[in-house]
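Keeping their order, the protein sequence lines are chains A and B. Heads up, the first sequence is in my numbering, so the first residue is 1 and it goes up one at a time. Heads up, the second sequence is in my numbering, so the first residue is 1001 and it goes up one at a time.
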Amino acid sequence: MPEPLLRVVDVRKAFGGVRAVDGVSFDLARGEIRALIGPNGAGKSTFFNILAGLLRADDGAVAYRGEEILGLAPHAIWRRGVSRTFQITATFATLSALENVQVARLSHTRRSRALLRPAGGLEVERSLALLAQVGLAEQSGRPAGVLAYGDLKKLELAIALANDPELLLLDEPTAGMAPAERGALMALTASIARERTLTVLFTEHDMDVVFTVAERVMVLHQGRVIAEGAPDTVRADPEVQAVYLGEAAWAT
Amino acid sequence: MSPSLVLIQLLSGLAHAMVLFLIASGLSLIFGVTRIVNFAHGSFYMLAAYLTYTLAATLPLGAAAFYVAVLLAAASVGLAGLGVEVALLRRVYRAPELYQLLLTFALVLVVADVVKLFWGSENLTGPAAPGLAGSVEIAGQLFPTYDLALIGLGPLVAAGLWWLFYRTRWGVLIRAATQDREMVAVLGVDQARLFTSVFVLGSFLAGLGGALQVPRQALTNVMDASIITEAFVVVVVGGMGSVPGALLAAALIGVIDAFGVLVLPRASLVVPFVVMAVVLIVRPWGLLGRPEVQQRTAGGAIVTAGTVRVPPRWLAAVLAALIAVPPFLPTFHVWVLVEILAFALFAASLHLLMGTGGMVSFGHAASFGLGAYGAALLVTWTKAPMLLAFAAAPLAAAVGAALYGYFCVRLSSIYFAMLTLAFAQIAFAIVHQWYDVTGGDNGLLGIWPAAWLAGPLAYYYLALTACGGGIALLARIGRAPFGLTLRAARDHARRAETVGINIRLHQWTAFVVAGFFGGVAGGTFAFLKGSVFPNLLAVPMSVEPLVMVLLGGVQAPAGAPVGAAIYKLLDTVATRYTEYWQLVLGAILILLVLAFPRGILGVVGDRRA
Ligand SMILES: Nc1ncnc2c1ncn2[C@@H]1O[C@H](COP(=O)(O)OP(=O)(O)O)[C@@H](O)[C@H]1O
Ligand SMILES: [Mg+2]
């Protein structure tokens, strides 16, 4: 069996008495598209923050391409090819959509600290291509602060793709979008991922989206992985059904 | 030191601490709830002291006159606070919050001249407090009865405030608002009224502090400036928004001050600021404060809209005029232009920090002063040639900035601002008290340009090259990947970190670059005046570029030079034609802020968009 791209071993994080992530372990194979689902408060965002270096885990190990990344600074983890989006959209509000992507491209090509060259002409083609890929070509000149919510989600995706990542962590990439838009955005994400052989781990509440896009599904409940496998197997799992019982259409 | 002397010193430190507590608790309260950094707080204190002086002398109440005067003065100042909040501050609550700071600074100027107008500039000695005029013997030493009474009063006021905060509905709201302002808005509380009431109470406390100070201290025109920095120290050390913290910190600082003068007379000025710097580095939220729920920049989001750029044609026209016109100007005007150039660069360097980087510095004077002193010390002690010393100015400032910036960029928002203030004050105190090297408040004289640069036009063109070139470079840096990335980190720190940006390193670099150009400005200024004095590092010198940046517009890189030019011109004209230039300048600033609540270029940019 080839070495997994990501190997997570017994990661834990508690906030006071709340065990937000309580011993999570799994392997993620190269090129896999996996959904991480679970009710609100299950610990998904916390786990993503740990992987991205924004939160320090209490315990555990995370090997990415065989190297330990727990404890590295966020910028160091991103440099290794792990990119992410945020549940609550995080963009640079006063910068244009194009500049938002440029910032990430300049960082990737290690030119963020150039003091005297005008940034206006740098990385423009690549950044515009990324914007076009997510369907934002027309909005490239507008400040992120005035973009519609759905467009912000797309912009986040474009930013996340700017470092030619190998592993993409998407925290509720379609939250807050209209149902029709959701399916389209995730289909787009999946096609980009396949084209670039990206590995994707995403959280999502819309089960239709999960079951059309994900190759495997992992269920988190109270900080623990309670099921993992092909979508249909997971759907049929009695424990999973019990967790979701009463939560209409699995969506919260 | 004998034990009895220690005791007396301790007591007199505590007496001062009680006055300090009154003022600092008001300041802390206002900041905690409204997020306004109220520079005018010291002015309210001074105003109440003078009012008490006059009322105590005129009220026909015999021995009670003084006490009635104290209450009346404090109440009047509370009312003045009401007027200020309702008539001025409330109009700009929706502008980037720093514009309120600009208003409070304008008030400082206005009140200073109002006091001068009514009471003159001579020091005044107030009445003793009837019934508490003498001394009591403590451990064989005489101690003023009045000071003893103050020591008793402080805890009483603290208890009263405690009751207010913990036993009334109003107090619950205040505490909630200090923790999380958005929450109170959600709870459906009338924010405007809450803010007004807090501002009135805070002003009243400042007034009470000033009124009670009258029997202890001669009244001077500068008592506002001396108290406000000390009050800031207390607020920061105690924890923003924490009244018990203010009490503890006031006691600490009061006692440290009292002993500092005895033990380390030559370093007494520096000690409180070292304490503040250490507290900020080790425990940024203060001794009894709490870490903030959300991180914010000093006074909220500073830049909330895209960058406003001035068309290149205009820039070319201005540059052409700056090159061609001065030979036809009278000498005095050329000197004024040089000063404007120096300040334009000084403000532009601050803009890189606060506009592009979102890091509001209250201590940018440090770069200006280190530059000026770097050059002047070199000239004085090594007889270095002028151009060498001139070139050393930015290096000295950049090295200084690298040192203290290392600590500052670890903090954000108001804590960053206060740490910069602390370092600037430390530099000020060193320069002020290290007579053998810096000449103390006698300054260093004879810092003249080389002969071939000494004429007004020659020096003007040097200044134009150095400062104009500096401004152009700063503008270029702002547009470079470095500046773009700095803006990104300002807009969303977490997002920036997760696209591979090492924010601290980036901000630190910005700090050093800003220090460097501030140093160029300082060097230019030193050779313009032929001398340097400690006031180049003092608080007003940090506030002025802040005012200039805000006046021009934070979101416009060209705003800083525009603001500097307008401010300096107003300043020059006002000082020339009236003794009460602060009043005129302050009034004009108030009008400008009300007319251009995002700065002049900011508002112009909005209109064009
Ligand atoms: N910064 C924090 N401080 C305290 N508790 C937190 C913090 N972040 C998350 N939690 C708690 O951790 C648990 C997991 O939250 P989260 O990771 O956001 O879940 P999910 O993303 O699955 O909805 C929740 O109980 C939440 O209240
Ligand atoms: Mg979440």
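Positions of the beta carbon are idealized from the N, C-alpha and C atoms, including for glycine. Computed from a predicted structure; not experimentally measured.
Going by the CB atoms, is the gap between residue 1537 of chain B and residue 1424 of chain B shorter than 8 Å? Taking the second sequence and counting its residues from 1, the one referred to as residue 1424 of chain B is at position 424. Taking the second sequence and counting its residues from 1, the one referred to as residue 1537 of chain B is at position 537. Yes, the Cβ-Cβ distance between residue 1424 of chain B and residue 1537 of chain B is below 8 Å.
Select from the region 83-109 of chain A all residues with a C-beta closer than 8 Å to any C-beta belonging to chain B, and list them in chain order. 83, 84, 86, 90, 91, 92, 93, 94, 95, 96, 99, 100, 102, 103, 104, 106, 107, 108
Quick one: does the C-beta of residue 172 of chain A sit closer than 7 Å to a heavy atom of ligand 2? To locate residue 172 of chain A, count along the first sequence from 1; it is residue 172. Correct: residue 172 of chain A has its Cβ closer than 7 Å to ligand 2.
What are the boundary residues of the alpha helix (DSSP H) that includes residue 1567 of chain B? As a first step, residue 1567 of chain B must be located in the second sequence, where it is residue number 567. Taken as a continuous stretch (DSSP letters only), the alpha helix (DSSP H) holding residue 1567 of chain B covers 1559-1577.
Pick from B:1324, B:1210, B:1399, B:1455: whose alpha carbon is nearest that of residue 1331 of chain B? In the second sequence, the residue the question calls residue 1331 of chain B occupies position 331. The residue with the shortest Cα to Cα distance from residue 1331 of chain B is B:1455.
Taking 8 Å as the threshold (beta carbon to beta carbon), is residue 1487 of chain B in contact with chain A? In the second sequence, the residue the question calls residue 1487 of chain B occupies position 487. Chain A contact via Cβ: present.
Taking the alpha carbon of residue 1076 of chain B as the reference point, which residue from B:1568, B:1208, B:1483 has its own alpha carbon closest? Here residue 1076 of chain B corresponds to residue number 76 of the second sequence, with the count starting at 1. Among B:1568, B:1208, B:1483, the Cα nearest to that of residue 1076 of chain B is on B:1208.
Less than 8 Å between CB atoms is the rule here; does residue 1298 of chain B satisfy it with respect to chain A? For the purposes of this step, residue 1298 of chain B is taken as residue 298 along the second sequence, with counting starting at 1. With a pLDDT of only 40 at residue 1298 of chain B, under 50, the local geometry of the prediction cannot be trusted, and the value read off the model is given with reservation. No, residue 1298 of chain B lies away from the interface with chain A (no Cβ there is under 8 Å from its Cβ).
Just mark residue 1369 of chain B as buried or exposed, buried being the case when its beta carbon has 16 or more other beta carbons within 10 Å. For this step, residue 1369 of chain B is matched to residue 369 along the second sequence. With 16 or more Cβ atoms within 10 Å of its Cβ, residue 1369 of chain B is classed as buried.
Whole angstroms are fine: how far does the CA of residue 127 of chain A sit from the CA of residue 1378 of chain B? For the purposes of this step, residue 1378 of chain B is identified with residue 378 of the second sequence, where counting begins at 1. For the purposes of this step, residue 127 of chain A is identified with residue 127 of the first sequence, where counting begins at 1. Computed Cα separation, rounded: 50 Å.
My output table needs one value for residue 164 of chain A: the three-state DSSP class, helix, strand or coil. If you number the first sequence from 1, residue 164 of chain A lands on position 164. Correct three-state label for residue 164 of chain A: coil.
Name the chain B residues that come within less than 8 Å of residue 120 of chain A, Cβ to Cβ? In the first sequence, residue 120 of chain A corresponds to position 120, counting from 1. Per Cβ cutoff of 8 Å: 1479.
Delimiting residues of the alpha helix (DSSP H) encompassing residue 1160 of chain B: For this step, residue 1160 of chain B is matched to residue 160 along the second sequence. That run of the alpha helix (DSSP H) goes 1145-1167.
On the criterion of 16 or more Cβ atoms from any shown chain inside 10 Å, does residue 59 of chain A qualify as buried, or is it exposed? The residue labelled residue 59 of chain A in the question sits at position 59 within the first sequence. It counts as exposed.
Start and end of the alpha helix (DSSP H) containing residue 259 of chain A? Here chain A covers residues 1 to 252 and nothing more, so residue 259 of chain A does not appear.
What separation, rounded to the nearest whole angstrom, lies between the Cα atoms of residue 1051 of chain B and residue 1069 of chain B? The sequence position of residue 1051 of chain B within the second sequence is 51, counting from 1. The sequence position of residue 1069 of chain B within the second sequence is 69, counting from 1. The straight-line gap from Cα to Cα measures roughly 8 Å.
Between the region 1552-1567 of chain B and the region 1056-1068 of chain B, do three or more beta carbon pairs fall short of 8 Å? no
Cβ of residue 114 of chain A within 8 Å of any chain B Cβ: For the purposes of this step, residue 114 of chain A is taken as the residue at position 114 of the first sequence. Chain B, which has a Cβ nearer than 8 Å to the Cβ of residue 114 of chain A, makes this yes.
Rounded to whole angstroms, what's the CA-CA distance from residue 231 of chain A to residue 84 of chain A? Just pull it up for me. Counting from 1 along the first sequence, the entry for residue 231 of chain A is found at position 231. Counting from 1 along the first sequence, the entry for residue 84 of chain A is found at position 84. So the two alpha carbons sit approximately 23 Å from each other.
Which residues in the same chain have their Cβ closer than 6 Å to the Cβ of residue 1139 of chain B, if we skip the five residues on either side of it in sequence? As a working mapping, residue 1139 of chain B is identified with position 139 in the second sequence. If we look at residue 1139 of chain B and ignore the five residues flanking it on each side, its Cβ neighbours are 1004, 1007.
Between the Cα of residue 1449 of chain B and those of B:1032, B:1232, B:1049, B:1523, spot the shortest distance and give me the residue it belongs to. For the purposes of this step, residue 1449 of chain B is identified with residue 449 of the second sequence, where counting begins at 1. Out of B:1032, B:1232, B:1049, B:1523, B:1523 has the C-alpha closest to the C-alpha of residue 1449 of chain B.
Stretch pair the region 1108-1125 of chain B + the region 1219-1230 of chain B: three plus CB contacts closer than 8 Å: yes
Does ligand 2 have even one heavy atom less than 7 Å from the beta-carbon of residue 87 of chain A? Looking up residue 87 of chain A in the first sequence gives position 87. Residue 87 of chain A: yes, Cβ under 7 Å from ligand 2.
Neighbour-count burial assignment, residue 1163 of chain B, 16 or more Cβ in a 10 Å radius: Along the second sequence, one-based indexing puts residue 1163 of chain B at 163. Counting Cβ neighbours within 10 Å, residue 1163 of chain B comes out exposed, since fewer than 16 surround it.
Output, in chain order, the set of chain B residues within a Cβ distance shorter than 7 Å of residue 74 of chain A. Reading the first sequence from its first residue, position 74 is the one you call residue 74 of chain A. Going along chain B in sequence order, the residues near residue 74 of chain A (Cβ under 7 Å) are 1497, 1498.
Three-state secondary structure assigned by DSSP to residue 1529 of chain B: On the second sequence, residue 1529 of chain B is found 529 positions in, with the first residue counted as 1. Residue state, collapsed to three classes: helix.
Tell me whether residue 202 of chain A sits in a helix, a strand or coil according to DSSP, three-state version. For the purposes of this step, residue 202 of chain A is identified with residue 202 of the first sequence, where counting begins at 1. In the structure shown, residue 202 of chain A sits in a strand (DSSP, three-state: E or B).
Anyone know if the C-beta pair for residue 1277 of chain B and residue 1427 of chain B falls short of 8 Å? Position 277 of the second sequence, counted from the start, is the residue given in the question as residue 1277 of chain B. Position 427 of the second sequence, counted from the start, is the residue given in the question as residue 1427 of chain B. No, the Cβ-Cβ distance between residue 1277 of chain B and residue 1427 of chain B is not below 8 Å.
Rounded C-beta distance between residue 1158 of chain B and residue 1247 of chain B? I'm assuming under 8 Å. In the second sequence, residue 1158 of chain B corresponds to position 158, counting from 1. In the second sequence, residue 1247 of chain B corresponds to position 247, counting from 1. That belief holds up - the Cβ atoms of residue 1158 of chain B and residue 1247 of chain B are roughly 5 Å apart, short of 8 Å.
Classify residue 123 of chain A as helix, strand or coil using the three-state DSSP reduction. In the first sequence, residue 123 of chain A corresponds to position 123, counting from 1. In this structure, residue 123 of chain A counts as coil in the three-state DSSP scheme.
Report the three-state DSSP secondary structure of residue 943 of chain B (helix, strand or coil). With chain B covering 1001 to 1609 only, the question about residue 943 of chain B has no answer from this structure.
Taking 7 Å as the cut-off, is the C-beta of residue 254 of chain A nearer than that to any heavy atom in ligand 1? It is not possible to answer for residue 254 of chain A, since the shown part of chain A is limited to 1 through 252.
Assuming contact is defined by CB atoms lying nearer than 8 Å, are residue 1611 of chain B and residue 1416 of chain B in contact in what I supplied? An answer regarding residue 1611 of chain B cannot be provided, because it is not within the stretch 1001 to 1609 covered by chain B.
Compute the minimum distance between the beta carbon of residue 187 of chain A and the heavy atoms of ligand 1, and state whether it is under 7 Å. The residue you call residue 187 of chain A lines up with position 187 of the first sequence. No.
In this structure, does DSSP put residue 4 of chain A in helix, strand or coil? Within the first sequence, the letter at position 4 stands for residue 4 of chain A. Note: residue 4 of chain A maps to coil in three-state DSSP.
For chain B, find out if any of its Cβ atoms is closer than 8 Å to the Cβ of residue 33 of chain A; answer yes or no. In the first sequence, residue 33 of chain A corresponds to position 33, counting from 1. Chain B, which has no Cβ nearer than 8 Å to the Cβ of residue 33 of chain A, makes this no.
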